[in-house]
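*Asks:* This structure is in structure tokens; I'll ask about it shortly.
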Amino acid sequence: MMTASSTALIQRVCYVPLARAVRTRGMPLNTTMNFSTTPTPSRASPPADSRVLLGLSEPELQQLALDFSQQGYRGKQLHHLIYKRKIKDIQDFSQVPLAFRNELEEAGWKVGRSPIYNTVTAADGTVKLLIKLEDNRLIETVGIPVQDEKGLMRLTACVSSQVGCPLRCSFCATGKGGFSRNLKRHEIIEQVLAIEEIFKHRVTNVVFMGMGEPMMNLKSVLEAHQCLNKDVQIGQRMMTISTVGVPNTIKKLASHKLQSTLAVSLHAPNQKLRETIVPSAKAYPLNALMKDCSDYFNETNRRVSFEYALLAGVNDAVEHARELAELLHQWGRGYHVNLIPYNPIEGSEYKRPSKRAVQAFAATLESGKITVSTRQTRGLDADAACGQLRNKFQKSPLVTDSDSLQPEPEADVAVAC
Ligand code: SF4
Numbered sequence: 001m002m003t004a005s006s007t008a009l010i011q012r013v014c015y016v017p018l019a020r021a022v023r024t025r026g027m028p029l030n031t032t033m034n035f036s037t038t039p040t041p042s043r044a045s046p047p048a049d050s051r052v053l054l055g056l057s058e059p060e061l062q063q064l065a066l067d068f069s070q071q072g073y074r075g076k077q078l079h080h081l082i083y084k085r086k087i088k089d090i091q092d093f094s095q096v097p098l099a100f101r102n103e104l105e106e107a108g109w110k111v112g113r114s115p116i117y118n119t120v121t122a123a124d125g126t127v128k129l130l131i132k133l134e135d136n137r138l139i140e141t142v143g144i145p146v147q148d149e150k151g152l153m154r155l156t157a158c159v160s161s162q163v164g165c166p167l168r169c170s171f172c173a174t175g176k177g178g179f180s181r182n183l184k185r186h187e188i189i190e191q192v193l194a195i196e197e198i199f200k201h202r203v204t205n206v207v208f209m210g211m212g213e214p215m216m217n218l219k220s221v222l223e224a225h226q227c228l229n230k231d232v233q234i235g236q237r238m239m240t241i242s243t244v245g246v247p248n249t250i251k252k253l254a255s256h257k258l259q260s261t262l263a264v265s266l267h268a269p270n271q272k273l274r275e276t277i278v279p280s281a282k283a284y285p286l287n288a289l290m291k292d293c294s295d296y297f298n299e300t301n302r303r304v305s306f307e308y309a310l311l312a313g314v315n316d317a318v319e320h321a322r323e324l325a326e327l328l329h330q331w332g333r334g335y336h337v338n339l340i341p342y343n344p345i346e347g348s349e350y351k352r353p354s355k356r357a358v359q360a361f362a363a364t365l366e367s368g369k370i371t372v373s374t375r376q377t378r379g380l381d382a383d384a385a386c387g388q389l390r391n392k393f394q395k396s397p398l399v400t401d402s403d404s405l406q407p408e409p410e411a412d413v414a415v416a417c
């Protein structure tokens, strides 16, 4: 899910003919690990497009090594090469025997990293990366560096979860640009590794606030979240999953009892106004959304953060702030509001509110005993506003799911706000 402000936020499988693949055995994903050193020829191979190393855990990589008649410790080496050294090509795994590398490739395995197509750097250090996926689509991810009081750098990765977005929020250029497909687990994880590569620094925080609605791709988002936590070693508390609200998904997320923050994009204090800003809200009444947020807090004990894009003359009046405070008090505690002065995009009917309006809104919430923060807009000079970078690169609208299987001669660009 992309907020209005999120700052301003390929390796082809050469599937081996069966005759060449007889000496290799692939590994089904998500199966019970078997650490037997005896190869298991009857083990079914995963589909060719799932033979991606990025996203596998250390035990899974150990099992893969065993399946290729290697010692289990080779899996540990693979894990180190993929997640610590961030090597993108199996042939560059120089610590691993050449024969093993060749067998992996011949069986259709790949690392699952994609090339960085373009980067744009803002004066404040924010970097937007365009990553070119295997099917030629481009997704955007954003690296946001912030120096803390001790002079240490906090590096936040704002990652996309879909190519495009089907929800069409009225302020969002990505929503207007259409939807192509969900991102796969490794395509989410690699955004974080690409940011680490560009900044030569560890990513400390991850926000699922780039292009797309994470709750509509919850399986891959949860898998990526687990890998980022266990394999890339980013603390769960350092990660935020954002949503504009998709019926029944907050309950599902709560059942996983993650220690991450849930950020709900509210953008309005009442149903009527919210429907004009977030059309998908028609299917998910505000009261039902707030009840699910309250249940989420009770079940996980993790605070819910409400994102509120301030649109000049639309939802930024003091009365809206009062109504918002009342709404939040009605539904419980543990809430926090993150105000996001709108980042103008080309062709949008919405305008950025004045500083005075933002301050008055924040002060009204505070006087209503609501914890509030106002997000700094960063990277405005790096095409950071929603959709600007896409407008620069995208020559045609995103295609539909069925079309997306065909590589296109020219890359589509999808963009985080
Ligand atoms: S249209 Fe999609 S990507 Fe844009 S703000 Fe809405 S949910 Fe986020």
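Using the UniProt record's numbering, you'd call the opening residue of the sequence shown number 1 and step up by one each time.
A virtual CB, placed ideally from N, CA and C, is assigned to each residue, including glycine.
So the candidates are His320, Ala357, Val358, Thr374; which of them puts its Cα closest to the Cα of Lys272?
*Replies:* His320
*Asks:* Could you check the C-alpha separation between Leu365 and Asp316 for me, to the nearest Å?
*Replies:* 12 Å
*Asks:* Locate the alpha helix (DSSP H) running through Ile277, then write down its first and last residues.
*Replies:* 271-277
*Asks:* Let's see if you can read the secondary structure: which residues bound the beta strand (DSSP E) around residue 493?
*Replies:* The structure shown has nothing for residue 493, since the chain only spans 1 to 417.
*Asks:* To the nearest angstrom, how far is the alpha carbon of Glu60 from that of Gly75?
*Replies:* 8 Å
*Asks:* When you compare only the Cα positions, how much space is there between Phe100 and Ala263?
*Replies:* 44 Å
*Asks:* Considering only C-alpha positions, which residue in the set Val337, Gln191, Ser260 is nearest to Gly112?
*Replies:* The residue with the shortest Cα to Cα distance from Gly112 is Gln191.
*Asks:* Could you give the distance in angstroms between the alpha-carbon of Leu104 and the alpha-carbon of Leu81?
*Replies:* 15 Å
*Asks:* Helix, strand or coil for residue 419, going by three-state DSSP, please let me know.
*Replies:* No information on residue 419 is available, as it lies outside the stretch 1 to 417 that the chain covers here.
*Asks:* Excluding five sequence neighbours on each side, which residues of the same chain lie with their C-beta closer than 8 Å to the C-beta of Thr32?
*Replies:* In this prediction, Thr32 has a pLDDT of 31, which is less than 50 and means its spatial position is unreliable; nothing more can be read from the coordinates.
*Asks:* Is any heavy atom in the ligand SF4 found nearer than 6 Å to the beta carbon of Glu149?
*Replies:* no
*Asks:* Once DSSP output is grouped into helix, strand and coil, what is the label at Thr364?
*Replies:* The answer is helix: DSSP assigns Thr364 an H, G or I state.
*Asks:* Whole angstroms is fine: what's the gap from Leu53's alpha carbon to Lys86's?
*Replies:* 12 Å
*Asks:* What ranges does the beta strand (DSSP E) occupy inside the stretch 196-269, keeping only unbroken runs of at least 3 residues that lie completely in it?
*Replies:* 205-208, 239-243, 261-265
*Asks:* Residues in the same chain with beta-carbon distance under 6 Å from Ile195, minus the five sequence neighbours each way, listed in chain order, please.
*Replies:* Its chain contains Gly143, Ala157, Val203 as the residues whose beta carbon lies nearer than 6 Å to that of Ile195, once the 5 sequence neighbours on both sides are disregarded; these appear in chain order.
*Asks:* Quick one, which of Gly313, Pro145, Gly332 has its alpha-carbon nearest Ser354's?
*Replies:* Checking every option, the nearest Cα to that of Ser354 belongs to Gly313.
*Asks:* For the stretch 90-97 against the stretch 165-181, do three or more pairs of beta-carbon atoms, one drawn from each stretch, fall closer than 8 Å, so that the two count as touching?
*Replies:* By the Cβ test, the stretch 90-97 is not in contact with the stretch 165-181, since fewer than three Cβ pairs between them sit closer than 8 Å.
*Asks:* Is Cys165 close to the ligand SF4? I mean its beta-carbon at under 6 Å from any heavy atom of the ligand.
*Replies:* yes
*Asks:* Which two residues bound the contiguous alpha helix (DSSP H) that contains residue 419?
*Replies:* Missing from the structure shown is residue 419; the chain here goes from 1 to 417 and no further.
*Asks:* Compute every distance between the C-beta of Gly245 and the non-hydrogen atoms of the ligand SF4, then say whether any falls below 6 Å.
*Replies:* no
*Asks:* For Leu56, tell me which candidate among Glu223, Ala254, Ser373, Ile345 has the shortest Cα-Cα distance.
*Replies:* Glu223
*Asks:* Determine the closest residue to Ser160 out of Tyr117, Asn301, Gly210, with distance taken between C-alpha atoms.
*Replies:* Here the closest residue by C-alpha is Gly210.
*Asks:* Looking at the structure shown, is Thr300 part of a helix, part of a strand, or coil, going by DSSP?
*Replies:* helix
*Asks:* With a threshold of 16 other CB atoms inside 10 Å of the CB of Asp292, please say whether the residue is buried or exposed.
*Replies:* buried
*Asks:* I'd like to know whether the C-beta atoms of Gln236 and Gln259 end up nearer to each other than 7 Å.
*Replies:* yes
*Asks:* What residue does the alpha helix (DSSP H) around Val318 start on, and which one ends it?
*Replies:* 318-331
*Asks:* Would you report the Cα separation of Val232 and Lys84, rounded to the nearest angstrom?
*Replies:* 8 Å
*Asks:* Can you tell me the Cα-Cα spacing of Gln71 and Glu197, whole angstroms?
*Replies:* 30 Å
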